[in-house]
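Residue numbers (this note's numbering), protein chains in the order written: chain A, 1 to 236; chain B, 1001 to 1189.
Each remark here refers to the structure printed beneath this line.
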């Protein structure tokens, strides 16, 4: 397909808008790559398009909308004297204002409480910036400490639970798991599972941990201790 | 678009707040078209007011079946701009371009570095100056297509000319504008 300079100029927008066929596009490119007249034109127009697409909308002056509304709907009524006061009071009574005020008061109360202000015994000294800072710092550290303690407690409980689960999975008695006359009995092997020392150690370990937990959190550990003791009583 | 048609209906029933909403929705776009066409902030403001005054008076003649409200308002704007161009042709011949009062462009868009913003601002004012040197037919076509991102069909409705004419004007407008910018010493980077 042969392509001329006139065609390049006439179809430039089609090329830039991407609405040419692949054959036309190929011929266009081939011509522009070799034509000294068309190459700078294509480059400058595509640069112009990029620039124009990057240009942003201009913000009209804010008075424009009001000027249009004044011209079309007529000037807005400006209230004076007691009417203005009445309109103001009516504005305060609106639901939106009430919600706004309520949320502001709640936010303020939260901040003041966090800053260590005692509502039951309000003191002027509590409102001093250094006292507010100290109280807020103390509250933040307390909250952090409590949080850390809670996380550690959870970790201990989780560990104990997993240990107990492990123990319950290990067979506790010889009779229950291994038959008396095992067909797989082989010479030179002691019969049955090895007894007590290892299991006993584990049980003792768990009991020790439970005792520690009971000291820290009696309400959490008590049922397990009772259960574990009952279990140990049942053990041969 | 449907919301516009609904607002127009409410407007025709005498709802002032619906009219206010329509003004708020379209005033920025109309102001931008006027500013790009005239290159003068004060003129663009006056023309935008005139556009909405005319729209307010003739909104009863708008039919949603014939196209969107935005296209209709744009065609009202275009007619007013051409009237304004003809009216001020003699004044313009005696005025210099330097008298134009430029508007501070909103370049504080997020994600652009300050140096990019400066470059864009400079380029934008150069394009604006070049636009004023373009004939009104080509200028309006380029503004609607490349600055307002209207589709060819919408431009066809606004200018009330066949599609071929729209395409030809946009193409010639772009080439001519690039040529003017080259003459102004702006080279593609």
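Don't be surprised by glycine CBs; every beta carbon is placed ideally from N, CA and C.
Since the model is a prediction, treat every value here as computed from it, not as a measurement.
Query, Result
"Close-in-space but distant-in-sequence residues of the same chain around residue 1131 of chain B (CB under 6 Å, 5 per side omitted)", "1139"
"Whole-Å CB distance - residue 1005 of chain B paired with residue 1064 of chain B, under 8 Å assumed", "4 Å"
"8 Å Cβ cutoff met for residue 1174 of chain B and residue 1142 of chain B", "yes"
"Proximal residues of chain A, C-beta to C-beta of residue 1167 of chain B below 7 Å", "13"
"Residue 16 of chain A versus residue 1152 of chain B: straight-line alpha-carbon distance, rounded", "14 Å"
"DSSP three-state assignment for residue 121 of chain A, whether helix, strand or coil", "coil"
"Pair within 8 Å by beta-carbon distance, residue 142 of chain A and residue 206 of chain A", "no"
"Between the CA atoms of residue 66 of chain A and residue 1083 of chain B - distance to the nearest angstrom", "25 Å"
"Positions along the segment 1146-1160 of chain B whose CB lies within less than 7 Å of some CB in chain A", "1146 and 1147"
"Contact between the segment 1021-1031 of chain B and the segment 1040-1055 of chain B (3+ Cβ pairs under 8 Å)", "yes"
"Interface flag, residue 1019 of chain B vs chain A, CB-CB below 8 Å", "yes"
"Contact residues within the segment 1022-1035 of chain B, judged by C-beta distance below 7 Å to chain A", "1023, 1024, 1027, 1028, 1031, 1032 and 1035"
"Short CB-CB distance (under 8 Å) between residue 1183 of chain B and chain A", "no"
"Alpha helix (DSSP H) runs wholly inside the segment 1143-1174 of chain B, at least 4 long, in chain order", "1152-1159"
"Contact set for residue 1026 of chain B: own chain, Cβ-Cβ below 7 Å, skip 5 residues either direction", "1070 and 1073"
"Nearest-angstrom Cα separation, counted from residue 1169 of chain B out to residue 1137 of chain B", "7 Å"
"Inter-residue spacing [alpha-carbon to alpha-carbon] between residue 178 of chain A and residue 170 of chain A", "Since pLDDT at residue 178 of chain A reaches only 46, below the 50 mark, its modelled position is unreliable, and no value is offered."
"The segment 105-112 of chain A / the segment 81-97 of chain A touching (three or more Cβ pairs under 8 Å)", "no"
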